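Just below is one structure, and these are the notes that go with it.
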Amino acid sequence: MTEESKHRSLLTAREREIFNLLVSDNTTKDIAGRLGISEKTVRNHISNTIQKLGVSGRAQAIVELLRLGELQLY
Numbered sequence: 001m002t003e004e005s006k007h008r009s010l011l012t013a014r015e016r017e018i019f020n021l022l023v024s025d026n027t028t029k030d031i032a033g034r035l036g037i038s039e040k041t042v043r044n045h046i047s048n049t050i051q052k053l054g055v056s057g058r059a060q061a062i063v064e065l066l067r068l069g070e071l072q073l074y
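Each residue of the sequence shown is one higher than the one before, starting from 1 at the first, in UniProt numbering.
Okay, here's the thing in structure tokens:
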């Protein structure tokens, strides 16, 4: 079993990208412009992640993703 197959990420590549930008103090509007997607799409990705984690907001999602090792602060 490879290292990658042992640890499947909870996040999609796009969700990870969005949350990395969120923890780098970007707004939804900033992220949308940077990724060339709509603000609604950014919010949908955030909402999907919140739902996956079973938390009630962005801040709790970030804390949980950090706890799980899915995000790192630089």
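For each residue, glycine too, the CB sits at the ideal point set by N, CA and C. In this text the structure is predicted, and so the values were computed from the model without any measurement.
| Query | Result |
| --- | --- |
| Whether L53 touches E39 by CB criterion (8 angstroms) | no |
| Which of helix, strand or coil DSSP assigns to I50 | helix |
| For L11 and T41, believed in contact at Cβ under 8 angstroms, the rounded distance | Incorrect: roughly 15 angstroms between the Cβ atoms, too far for contact. |
| Distance cut-off 7 angstroms: L66 Cβ against heavy atoms of the ligand GDP | For the structure depicted, the ligand GDP is absent and the ligand set is empty, with no information on it obtainable. |
| G57 versus R8: straight-line alpha-carbon distance, rounded | 23 angstroms |
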